[in-house]
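J.: This structure is in structure tokens; I'll ask about it shortly.
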Ligand code: SF4
Ligand code: SF4
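And the structure:
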């Protein structure tokens, strides 16, 4: 049979990203609106209302991997901001001053949504943008998902109430009535893509693992910005098939895999390749982190869509209690047979880093596995000491080797 | 006369743990952190609310528990309870307002597993109706929890009694603030804010009883205190620590006439209505308070509030007290500075850090600012 060869996940990703950016850039010409939002947020509501979500964080990651962070950060430091802020915010605020971008920039916002289950920083950063562009900022406030069933019920009610307020704000912005049937369909698609994404992440439980966290970090982009669309479903189906074939062939991502590691926190984006190579030379692979799992949602399609959205977003790992977060991590230790952990304290991100010392204690206590803890920054080489961190990673791997005997 | 009226209040403000060391023998002491924990609820449960405001003593244990770029307020709060006052508190109600406080709660709770512990999950947005509903729900949860701990349910009447007491206390503090504005010669900034501070720590009835004669005396003397040589100023920020900062303002002749501090105006302004459901009344007060940096409100209030205070009280300068590594203030500051420049309002940003504030340097900066901007030597 004639016909086009089906596209690989990589090709699809490229194509979808280009399409998405093009659509965002020409949104106004097509009578659409652009909203900035946080990576963890009920974006399904935007998709269902024809609003194109833009993630300044993703743009900042692109700036960081192209090594623009220091330059952009210095630009905003000259305007009086401090270098203590999250590197994403620093890249973004710097980009707005000097216009430098590895991908031709991102369109300006008509609306801003910050969900503080992810972090508090984003609210403050978006407040700056709200003043700058004179556009509304909606804070979706998600109280900590404490372990108290009664409290959880009220937290959910508060969150659902806010999603209704969000919908009213969007109706006001666009002058269009919100379509709940469409939302149901979008949530269904989002659910399908999220479950496939989780299946892809879970392929790391094979021995040897066909993927490492670096694959996860590359492939999570689509679910972050296209969940709720049929394209995202197609993409993850393709990806899962590809990785499954690799697993069936018994191909590991790292030759002679010996150490299967957990990584705490976001990655050090500009060191990504170096870390992979260094670890691989010891037969070590970082397989997972709670961070990449932050997008493996499971929506309950039997429930009211606003409720299942609220439930999923409020309970993200950065908004649960420390004990629950440790349990979430331990679940990964068990399912992926992990035997090492690198705990990165990220200067940029208080939301994820603040309680890392305690988390390490909890995890080491329960698993008996030693941990490497180090401080650096995910984006800014000024706060990253190459020699020191390299030596510590090597020393840690040697400890693991010794323990293995 | 003044010295005698102030003596106990200043002692409590400056050495609370010594001055109140027998507190625990009378009542169970519940420590809380900034901001906005509804103290009336703690009081109504027959417990003693005590605001934890950090320590300037050296850091010994908390450095190993949190990253270096944690604000010193949070760090020294934890230090205070772990290293310096491990036995002072029977329990805690901690407020979550930012990433730091949210995670601090988890660390804290794990260290005090034998004590009562509750989070106060304040809404971090206050401009929509849902916030008002939520804070009432959260206050009811806290009421239940405190009641369980105290072994008796908090009735509406208990709560009304506490509200009345706190309202009375706040009203007296406002009257005193009012005299201070008009009569800067009567008492210093340090004395006034120490009097407010004493309320965070001591029994509220005792504080009220001490305030009554003080306010009466101050109102009677107000005419005599309108001394020259002071200039009216606004103080902005979260906490003004170490309190010697107020001494520095006194030295340059600044008279603080207004502020937006959760440790001053946000604390004493607006009463809880004594009509209707007491929880609803407390929720109403909660959402109508002045703007507070970590709580999202209309985004321009970070400076419009200050400009209003500056104009309303005919101030000549704003002193913005910036806690190093406070992310919330870090995001606000450049826009506040720009706005003040545009409006021609003189503002000095003073950076502080528990443990390491360099007072001599700060003094030079404040003096230089007053000289250059206000022409005062
Ligand atoms: S890295 Fe952390 S602080 Fe920065 S935007 Fe992401 S979650 Fe927030
Ligand atoms: S609001 Fe600022 S000062 Fe207060 S705990 Fe958070 S970071 Fe620290």
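Protein chains in written order, with this note's numbering: chain Y, 1 to 405; chain A, 1001 to 1377. Ideal placement from N, C-alpha and C gives every residue a C-beta, glycine not left out.
1. Any beta carbon from chain A within less than 7 Å of residue 81 of chain Y's own beta carbon?
2. What does DSSP give as the partner residues of residue 1222 of chain A in its beta bridges?
3. Name the chain Y residues that come within less than 7 Å of residue 1037 of chain A, Cβ to Cβ?
4. I'd like the span of the alpha helix (DSSP H) that includes residue 314 of chain Y, first residue to last.
5. Let me see if you follow: with CB-CB separation under 7 Å, is residue 1065 of chain A close to chain Y or not?
6. Can you tell me whether residue 1015 of chain A is helix, strand or coil according to DSSP?
7. If you scan the segment 1037–1067 of chain A from start to end, which runs of the beta strand (DSSP E) of 3 or more residues do you find wholly inside it?
8. To the nearest angstrom, how far is the alpha carbon of residue 11 of chain Y from that of residue 228 of chain Y?
9. I'd like to confirm something about residue 406 of chain Y: is its beta-carbon nearer than 6 Å to some heavy atom of ligand 2, or not?
10. Hey, could you find the ends of the alpha helix (DSSP H) residue 357 of chain Y is sitting in?
11. So with CB distances below 8 Å, who are the chain A contacts of residue 69 of chain Y?
12. With the cut-off set at 7 Å, would you say residue 239 of chain Y and residue 219 of chain Y are in Cβ contact?
13. From residue 273 of chain Y to residue 217 of chain Y, what distance separates their C-alpha atoms?
14. Under 7 Å between C-beta atoms, does residue 347 of chain Y make it to chain A?
15. List the residues of chain Y whose Cβ lies closer than 7 Å to the Cβ of residue 1096 of chain A, in chain order.
16. At the level of alpha carbons, what is the spacing between residue 1362 of chain A and residue 1350 of chain A?
17. Which runs of the beta strand (DSSP E) at least 3 residues long sit entirely within the segment 33–115 of chain Y? Give them in chain order.
18. In chain order, what residues have a CB nearer than 6 Å to some heavy atom of ligand 2?
19. Using Cβ-Cβ distances below 7 Å, what residues of the segment 1109–1131 of chain A are close to chain Y?
20. Rounded to whole angstroms, what's the CA-CA distance from residue 1185 of chain A to residue 138 of chain Y? Just pull it up for me.
21. What separation, rounded to the nearest whole angstrom, lies between the Cα atoms of residue 177 of chain Y and residue 1296 of chain A?
22. Residues of the segment 126–142 of chain Y in Cβ contact with chain A at a cutoff of 7 Å, in chain order, please.
23. How many Å lie between residue 66 of chain Y and residue 380 of chain Y at the Cα?
24. What residues are listed by DSSP as bridge partners for residue 1125 of chain A?
25. Is there at least one non-hydrogen atom of ligand 1 closer than 6 Å to the beta-carbon of residue 289 of chain Y?
26. For the segment 71–103 of chain Y, list every residue whose C-beta sits within 7 Å of some C-beta in chain A, in sequence order.
27. Counting C-beta neighbours from all protein chains within 10 Å, is the total for residue 264 of chain Y 16 or more, i.e. buried, or is it exposed?
28. Have a look at A:1274, A:1208, A:1022 and A:1249 and flag the residue whose alpha-carbon is nearest the alpha-carbon of residue 1235 of chain A.
29. Which one or two residues does DSSP pair with residue 260 of chain Y in a beta bridge?
30. Should residue 351 of chain Y be listed as close to ligand 1, given that the test is whether its C-beta is under 6 Å from any heavy atom?
31. Within 10 angstroms of the Cβ of residue 1237 of chain A, are there 16 or more other Cβ atoms? Answer buried if so, exposed if not.
32. Quick one: is residue 1290 of chain A buried, meaning 16 or more other Cβ sit within 10 Å of its Cβ, or exposed?
T.: If we stick to the structure as given:
1. For this step, residue 81 of chain Y is matched to residue 81 along the first chain. With 7 Å as the cut-off, residue 81 of chain Y counts as an interface residue toward chain A.
2. The residue given as residue 1222 of chain A occupies position 222 in the second chain. Note: residue 1222 of chain A sits in no beta bridge, so no partner.
3. The sequence position of residue 1037 of chain A within the second chain is 37, counting from 1. The premise fails here: residue 1037 of chain A is roughly 15 Å from chain Y at the closest Cβ pair, so nothing lies under 7 Å.
4. For the purposes of this step, residue 314 of chain Y is identified with residue 314 of the first chain, where counting begins at 1. First-last of the alpha helix (DSSP H) with residue 314 of chain Y: 305–314.
5. Residue numbering aside, residue 1065 of chain A sits at position 65 when the second chain is read from its first letter. So yes, residue 1065 of chain A belongs to the interface.
6. Position 15 of the second chain holds residue 1015 of chain A. Of the three classes helix, strand and coil, the one that applies to residue 1015 of chain A here is coil, per DSSP.
7. 1048–1051
8. Walking along the first chain from the start, residue 11 of chain Y turns up at place 11. Walking along the first chain from the start, residue 228 of chain Y turns up at place 228. Computed Cα separation, rounded: 20 Å.
9. With chain Y covering only 1 through 405, there is no way to say anything about residue 406 of chain Y.
10. Taking the first chain and counting its residues from 1, the one referred to as residue 357 of chain Y is at position 357. Looking at the DSSP string, the run of the alpha helix (DSSP H) that includes residue 357 of chain Y is 356–367.
11. By one-based count along the first chain, residue 69 of chain Y stands at place 69. By Cβ distance, chain A contributes nothing, its closest Cβ being about 17 Å from residue 69 of chain Y, past 8 Å.
12. Taking the first chain and counting its residues from 1, one reaches residue 239 of chain Y at position 239. Taking the first chain and counting its residues from 1, one reaches residue 219 of chain Y at position 219. Yes, these two residues count as a Cβ contact at 7 Å.
13. In the first chain, residue 273 of chain Y corresponds to position 273, counting from 1. In the first chain, residue 217 of chain Y corresponds to position 217, counting from 1. When rounded, the distance between both Cα atoms is 12 Å.
14. As a first step, residue 347 of chain Y is located in the first chain; it is residue number 347 there, counting from the start. So, interface residue.
15. Taking the first residue of the second chain as position 1, residue 1096 of chain A is located at position 96. Here the neighbours are 144.
16. Counting from 1 along the second chain, the entry for residue 1362 of chain A is found at position 362. Counting from 1 along the second chain, the entry for residue 1350 of chain A is found at position 350. When rounded, the distance between both Cα atoms is 7 Å.
17. 33–37, 51–54 and 111–115
18. A:1071, A:1073, A:1074, A:1097, A:1098, A:1100, A:1101, A:1238, A:1294, A:1323, A:1326, A:1327 and A:1328
19. 1110, 1119, 1121, 1123, 1124, 1125, 1128 and 1130
20. Working through the second chain from its first residue, we reach residue 1185 of chain A at position 185. Working through the first chain from its first residue, we reach residue 138 of chain Y at position 138. Their Cα atoms are separated by approximately 46 Å.
21. Translated into the one-based positions of the first chain, residue 177 of chain Y becomes position 177. Translated into the one-based positions of the second chain, residue 1296 of chain A becomes position 296. Cα-Cα distance, rounded: 27 Å.
22. 127, 128, 130, 131, 137, 139 and 141
23. Along the first chain, one-based indexing puts residue 66 of chain Y at 66. Along the first chain, one-based indexing puts residue 380 of chain Y at 380. Roughly 11 Å separates the two Cα atoms.
24. Here the question's residue 1125 of chain A lines up with position 125 in the second chain. Paired residue(s): A:1296.
25. Taking the first residue of the first chain as position 1, residue 289 of chain Y is located at position 289. Checking every heavy atom of ligand 1 against the Cβ of residue 289 of chain Y, none is found closer than 6 Å.
26. 79, 80, 81, 82, 84 and 85
27. Stepping through the first chain from its first residue, residue 264 of chain Y is reached at position 264. It is buried - the Cβ of residue 264 of chain Y has at least 16 other Cβ atoms within 10 Å.
28. Reading the second chain from its first residue, position 235 is the one you call residue 1235 of chain A. Selected option, being the one with the closest Cα: A:1249.
29. As a working mapping, residue 260 of chain Y is identified with position 260 in the first chain. Residue 260 of chain Y is bridged to Y:285.
30. By 1-based counting over the first chain, the position of residue 351 of chain Y is 351. Yes, the Cβ of residue 351 of chain Y comes within 6 Å of a heavy atom of ligand 1.
31. On the second chain, position 237 is the one that residue 1237 of chain A refers to. It is buried - the Cβ of residue 1237 of chain A has at least 16 other Cβ atoms within 10 Å.
32. Position 290 of the second chain, counted from the start, is the residue given in the question as residue 1290 of chain A. Burial call: buried.
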